[in-house]
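The structure appears below as structure tokens.
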Ligand SMILES: Cc1cc2nc3c(=O)[nH]c(=O)nc-3n(C[C@H](O)[C@H](O)[C@H](O)COP(=O)(O)O)c2cc1C
């Protein structure tokens with residue numbers, strides 16, 4: 224039985240509307256910063272998604288901002304009630320992706336693929352015919368791909384990769400953007416295609432269904448088309464590209480096909496980034512040459528606006544990085560109770576709950592996660608025991624401030640891999656993707672006698688059960704609200 228999910232952007236927009244998480248903007252909006260500024264403000268106030276019906280200069284196109292920038296929208300995308308608590312959303316992701324069931328993609332005919340309703344090839348291809356927004360003030364150009372996925376295939380293993388790698392429009396048939404060398408597409412392009420001087424076919428999918436977006440964002444260890452099937456509980460419907468043997472989700476809004484070119488780079492950036500800063504300088508970056516564009520009639524282009532929290536990249540990357548870390552630690556037999564990253568940390572800080580069954584467990588956890596595929600993306604690990612609720616910011620701040628010894632509890636990991644986007648890193652460190660890391664071990668030492676361990680003074684800990692029950696059952700009688 225498939226899970227409840229939305230097959231395309233349009234069904235998802237309708238579901239957001241029904242839940243009260245959408246605002247339909249009929250008034251004309253300008254692609255040159257106005258649309259971006261609206262989405263930025265929506266992210267900062269955690270507001271409903273704007274659905275733009277009328278874009279200046281682009282009759283026949285619509286746009287949809289901040290598609291997944293809150294936990295409510297994430298819950299809806301997974302077919303759960305909008306107010307599902309975060310631990311239950313995490314449990315749904317883990318249940319689906321750890322089920323061991325495989326759902327390969329289902330190939331559909333071209334005639335049954337809405338993304339082929341309009342096909343543009345050859346000289347007619349012009350990226351400026353699509354409503355690429357100037358997302359932020361200060362951006363180095365118009366970014367077409369802000370909430371999208373790029374499909375690629377490993378030339379040796381034939382493994383499929385979906386990932387999000389931003390793309391700026393350079394000219395009518397060219398886009399440009401960074402492809403970090405340790406990302407899955409980076410490994411395919413920089414270490415296979417470039418040395419062989421072979422172009423790499425790509426397909427940029429704009430306006431995929433929300434679960435495909437979650438899959439593309441996730442640092443999954445299996446091909447994302449199958450990962451997406453696991454989230455859906457059935458195979459995702461895919462159709463062959465017009466000009467390559469890549470396959471794309473049949474119900475997506477816009478597809479851009481072409482080659483990533485080895486041996487040439489063009490200037491890209493600056494751009495507002497997920498850290499909440501503009502960090503990358505304008506520099507030569509990876510070039511995408513476009514051969515073909517296909518789209519649905521009246522396409523709806525999603526638009527993410529990266530900046531200070533909370534945008535969908537921060538929310539979904541925090542969500543999936545934490546949960547993929549949880550799987551990794553469990554696979555090593557570490558008795559962890561949960562892993563969580565607050566989106567507000569822009570996936571830089573992770574909290575790990577564990578049973579403190581032996582001395583050194585916090586360092587073991589830190590070594591595993593810092594050294595994993597996920598390592599470059601974050602640099603602060605906080606390890607707490609079962610007394611702290613990892614989803615509760617107040618409790619985690621309290622644990623760091625009271626249980627982490629300023630000398631014995633803080634462990635530095637120098638000269639690790641980081642990203643070139645870390646705002647705290649020096650320009651030199653950024654150039655080299657150097658990232659130091661820190662562990663906050665918030666576990667009281669195991670060798671302390673039970674009587675040496677401070678008792679936590681909280682409602683739950685220091686009152687007898689009968690007193691707590693009496694207080695809770697009389698709460699509203701005392702005059703308090705529930
Ligand atoms: C909105 C968004 C934009 C991103 N842009 C880039 C990018 O321009 N370059 C890059 O290398 N990674 C970028 N990332 C991170 C990759 O998407 C991420 O590494 C990939 O999707 C999944 O990880 P994997 O390739 O390690 O499996 C971005 C992520 C998000 C959510």
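Numbering (our numbering), first residue to last: 224 to 705. Think of the CB as a built atom: it goes at the ideal place given N, C-alpha and C, for glycine as much as any other residue.
Classification of residue 224 by the beta-carbon crowding that lies within 10 angstroms, buried from 16 upward: Along the chain shown, one-based indexing puts residue 224 at 1. The residue in question, residue 224, is exposed, as its Cβ has fewer than 16 Cβ neighbours within 10 Å.
Could you tell me which whole beta strand (DSSP E) segments of length 3 or greater appear in the stretch 451 to 477? Within the stretch 451 to 477, the complete beta strand (DSSP E) runs of at least 3 residues are 460 to 463 and 470 to 472.
Proximity below 8 Å, CB of residue 566 to CB of residue 658: Position 343 of the chain shown holds residue 566. Position 435 of the chain shown holds residue 658. No; because the gap between Cβ atoms is not below 8 Å, this pair is not in contact.
Under DSSP, the alpha helix (DSSP H) around residue 368 begins and ends at which residues? The count along the chain shown starts at 1 and reaches residue 368 at position 145. Annotation: residue 368 is outside any alpha helix (DSSP H); the continuous beta strand (DSSP E) that includes it extends over 366 to 368.
Within 10 angstroms of the Cβ of residue 339, are there 16 or more other Cβ atoms? Answer buried if so, exposed if not. Position 116 of the chain shown, counted from the start, is the residue given in the question as residue 339. When all chains shown are included, residue 339 counts as buried.
Return helix, strand or coil for residue 531, following the three-state DSSP convention. In the chain shown, residue 531 corresponds to position 308, counting from 1. Residue 531 carries a coil assignment under DSSP once its states are collapsed to helix, strand and coil.
Mind listing, in chain order, the continuous alpha helix (DSSP H) runs of no fewer than 4 residues lying wholly within the stretch 257 to 316? As summarised for the stretch 257 to 316, the continuous alpha helix (DSSP H) elements at least 4 residues long and confined to that stretch are 257 to 267 and 294 to 300, given in chain order.
Bounding residues of the alpha helix (DSSP H) (the contiguous stretch that carries residue 625): The residue given as residue 625 occupies position 402 in the chain shown. Looking at the DSSP string, the run of the alpha helix (DSSP H) that includes residue 625 is 616 to 626.
Considering only C-alpha positions, which residue in the set 332, 625, 632 and 254 is nearest to residue 589? Position 366 of the chain shown, counted from the start, is the residue given in the question as residue 589. Out of 332, 625, 632 and 254, the CA that lies nearest to the CA of residue 589 is found in 632.
Exposed or buried, residue 380, counting other C-beta atoms within 10 Å across all chains shown (16 or more means buried)? To locate residue 380, count along the chain shown from 1; it is residue 157. By the 10 Å Cβ count, residue 380 comes out exposed.
Using the C-alpha atoms, what's the distance from residue 289 back to residue 404? For the purposes of this step, residue 404 is identified with residue 181 of the chain shown, where counting begins at 1. For the purposes of this step, residue 289 is identified with residue 66 of the chain shown, where counting begins at 1. Cα-Cα distance, rounded: 27 Å.
At a cut-off of 7 Å, is residue 401 close to ligand 1 when judged by its beta-carbon and the heavy atoms of the ligand? As a position in the chain shown, residue 401 is number 178, starting the count at 1. Yes - ligand 1 has a heavy atom lying nearer than 7 Å to the Cβ of residue 401.
What whole-angstrom Cβ distance do residue 400 and residue 493 have, given they're in contact under 8 Å? Locating residue 400 in the chain shown gives position 177, where the first residue counts as 1. Locating residue 493 in the chain shown gives position 270, where the first residue counts as 1. Between residue 400 and residue 493, the beta carbon gap of about 12 Å keeps them out of contact (Cβ cut-off 8 Å).
Residue 381 by DSSP, collapsed to three states: which one? On the chain shown, position 158 is the one that residue 381 refers to. If DSSP states are grouped into helix, strand and coil, residue 381 belongs with coil.
CB residue 489 to CB residue 455, shorter than 8 Å? Numbered from 1 along the chain shown, position 266 holds the residue referred to as residue 489. Numbered from 1 along the chain shown, position 232 holds the residue referred to as residue 455. No; because the gap between Cβ atoms is not below 8 Å, this pair is not in contact.
Exposed or buried, residue 528, counting other C-beta atoms within 10 Å across all chains shown (16 or more means buried)? Numbered from 1 along the chain shown, position 305 holds the residue referred to as residue 528. With 16 or more other Cβ atoms within 10 Å, it is buried.
Here's the rule I'm using: 16 or more other beta-carbon atoms within 10 Å means buried, otherwise exposed. How should residue 395 be labelled? Looking up residue 395 in the chain shown gives position 172. Taking a 10 Å sphere around the C-beta of residue 395, we find fewer than 16 other C-beta atoms and assign the residue as exposed.
Let me know if residue 605 comes out buried or exposed under the rule of 16 or more other beta-carbons within 10 Å of its beta-carbon. By one-based count along the chain shown, residue 605 stands at place 382. By the 10 Å Cβ count, residue 605 comes out buried.
Which first and last residues belong to the alpha helix (DSSP H) in which residue 411 is found? As a first step, residue 411 is located in the chain shown; it is residue number 188 there, counting from the start. It spans 407 to 411 - the alpha helix (DSSP H) in which residue 411 sits, taken as one unbroken run.
Heavy atom of ligand 1 within 7 Å of residue 532 beta-carbon: Taking the chain shown and counting its residues from 1, the one referred to as residue 532 is at position 309. The beta carbon of residue 532 sits no closer than 7 Å to any heavy atom of ligand 1.
Once DSSP output is grouped into helix, strand and coil, what is the label at residue 226? Here residue 226 corresponds to residue number 3 of the chain shown, with the count starting at 1. Looking at residue 226 - three-state DSSP - the assignment turns out to be coil, as it is neither helix nor strand.
Given the structure, does residue 440 come close to ligand 1, in the sense that its CB is under 7 Å from one of the ligand's heavy atoms? The residue labelled residue 440 in the question sits at position 217 within the chain shown. For ligand 1, at least one heavy atom lies less than 7 Å from the Cβ of residue 440.
Rank 461, 675, 574 and 538 by C-alpha distance to the C-alpha of residue 332 and give the top, closest one. As a first step, residue 332 is located in the chain shown; it is residue number 109 there, counting from the start. Closest by alpha carbon: 461.
Run through DSSP, which three-state label would residue 232 get? Here residue 232 refers to the residue found at position 9 when the chain shown is read from its first residue. In the displayed model, residue 232 falls within a helix according to three-state DSSP.
Looking at C-alpha atoms only, which residue of 491, 692 and 385 is the closest neighbour of residue 447? Residue mapping note: residue 447 aligns to position 224 of the chain shown, counting from 1. When C-alpha distances from residue 447 are compared across 491, 692 and 385, the shortest belongs to 385.
One or two residues paired with residue 425 in a DSSP bridge: For the purposes of this step, residue 425 is identified with residue 202 of the chain shown, where counting begins at 1. According to DSSP, residue 425 bridges with 481.
What is the rounded straight-line gap between the Cα of residue 661 and the Cα of residue 474? In the chain shown, the residue the question calls residue 661 occupies position 438. In the chain shown, the residue the question calls residue 474 occupies position 251. In this model, residue 661 and residue 474 are separated by some 43 Å (Cα to Cα).
Excluding five sequence neighbours on each side, which residues of the same chain lie with their C-beta closer than 6 Å to the C-beta of residue 176? Any property of residue 176 remains undetermined from this structure, which presents the chain solely from 224 to 705.
In the DSSP output, which residue or residues are listed as bridge partners for residue 685? As a working note, residue 685 is residue 462 in the chain shown. In DSSP, residue 685 forms no bridge with anything.
Near residue 585, which residues of its chain fall below 7 Å by C-beta distance, leaving aside the five closest residues on each side in sequence? One-based indexing of the chain shown puts residue 585 at position 362. These residues qualify, in order along the chain: 606, 662, 664 and 666.
In chain order, what residues of the same chain have a beta carbon less than 7 Å from the beta carbon of residue 609, not counting five sequence neighbours either side? In the chain shown, counting from the first residue as 1, residue 609 sits at position 386. Sequence-distant Cβ neighbours of residue 609 in its own chain, meaning closer than 7 Å and more than five residues away, are 560, 576 and 578.
Exposure of residue 695, with buried meaning 16 or more beta-carbon neighbours within 10 Å: Counted from its first residue, the chain shown places residue 695 at position 472. By the neighbour-count criterion, in which a residue is buried when 16 or more other Cβ atoms sit within 10 angstroms of its Cβ, residue 695 is exposed.
Thinking residue 469 and residue 376 are a contact (beta carbons under 8 Å), I'd like their distance in whole angstroms, please. Reading the chain shown from its first residue, position 246 is the one you call residue 469. Reading the chain shown from its first residue, position 153 is the one you call residue 376. Right, the Cβ-Cβ distance comes to about 6 Å (below 8 Å), so this counts as a contact.
I'd like to confirm something about residue 426: is its beta-carbon nearer than 7 Å to some heavy atom of ligand 1, or not? Looking up residue 426 in the chain shown gives position 203. At a cut-off of 7 Å, the beta-carbon of residue 426 does not count as near ligand 1: no heavy atom of the ligand is closer than that.
Thinking C-beta only, is residue 428 closer than 8 Å to residue 371? Start at 1 with the first residue of the chain shown, and residue 371 comes out as number 148. Start at 1 with the first residue of the chain shown, and residue 428 comes out as number 205. A contact, by the Cβ cut-off of 8 Å.
Indicate, with yes or no, if ligand 1 has a heavy atom lying under 7 Å from the CB of residue 409. Here residue 409 is taken as the residue at index 186 of the chain shown, counted from 1. In this structure, the C-beta of residue 409 approaches ligand 1 to less than 7 Å from one of its heavy atoms.
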